[in-house]
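See structure below.
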Ligand code: 5GP
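Below, the structure written as structure tokens:
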């Protein structure tokens, strides 16, 4: 009963590309049934392994611009020369119903979500264990061209420079351990006083006894 009266939270994960954030998101979604993924819209071309409507909604730049005009997004940003945006209605509906939403977005998106609703955001920055490992993971993905890999590697520095704006910072040297740390953060954050809406009524009832 109490869980229903809790407001949902926005669990925001950012990292340089290749730090393992997408795998972590998938792991969290498997481990926890109370959280849903925010699926972004993007103008980037679809990778072979990706599915439209599952990994992203892949749209043209013209469609993306129309969605901006319709105020369809909570936030949108240009990342690596492509546009990415977070749909608003899905997130609002989940939060109001006490459900949490996980976001795989960059630092610009994390900042804009905080501007939108600071109290509901829990932000985590994921670091790779080393630059060597970061490069290895980017190459392993093998779906992006050599140019894309080197451009993402050179932009890692800029992304990492935003680590200090996040509530938590984790090093992803092991997917299982890192995901379990995120589960611990999620469980504790859900219990924070500010998220327990029901507690006001509950305390009023307890205090009624003393007034009589
Ligand atoms: P990728 O093309 O590798 O899937 O994602 C590139 C970057 O864009 C990643 O850092 C990812 O977190 C970020 N990203 C994905 N969706 C969104 C979004 O809706 N908004 C913002 N601001 N960044 C996003």
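Residue numbers (our numbering): 2 to 213. Cβ coordinates follow ideal geometry from the N, Cα and C atoms, glycine included.
- Look at residue 9 here: in three-state DSSP terms it is coil, with no helix or strand label.
- In terms of Cβ geometry, residue 106 and residue 76 form a close pair [threshold 9 Å].
- Taking C-beta separations shorter than 7 Å and ignoring five residues to either side along the sequence, the partners of residue 20 in its chain run 127, 128, 129, 135 and 173, following chain order.
- Boundaries of the alpha helix (DSSP H) harbouring residue 157: 147-161, taken from the DSSP string.
- The DSSP-derived three-state label of residue 14 is strand.
- Residue 210 sits exposed, since fewer than 16 C-beta atoms from the chains shown fall within 10 Å of its C-beta.
- DSSP places residue 40 in the coil class of the three-state scheme, outside both helix and strand.
- The Cβ atoms of residue 187 and residue 36 sit closer than 9 Å to each other.
- Out of 158, 114 and 193, the CA that lies nearest to the CA of residue 11 is found in 114.
- DSSP places residue 92 within a helical segment (H, G or I) once states are collapsed to three.
- Distance check between residue 54 and each of 64, 62, 68 and 39 places 39 closest, using alpha-carbon atoms only.
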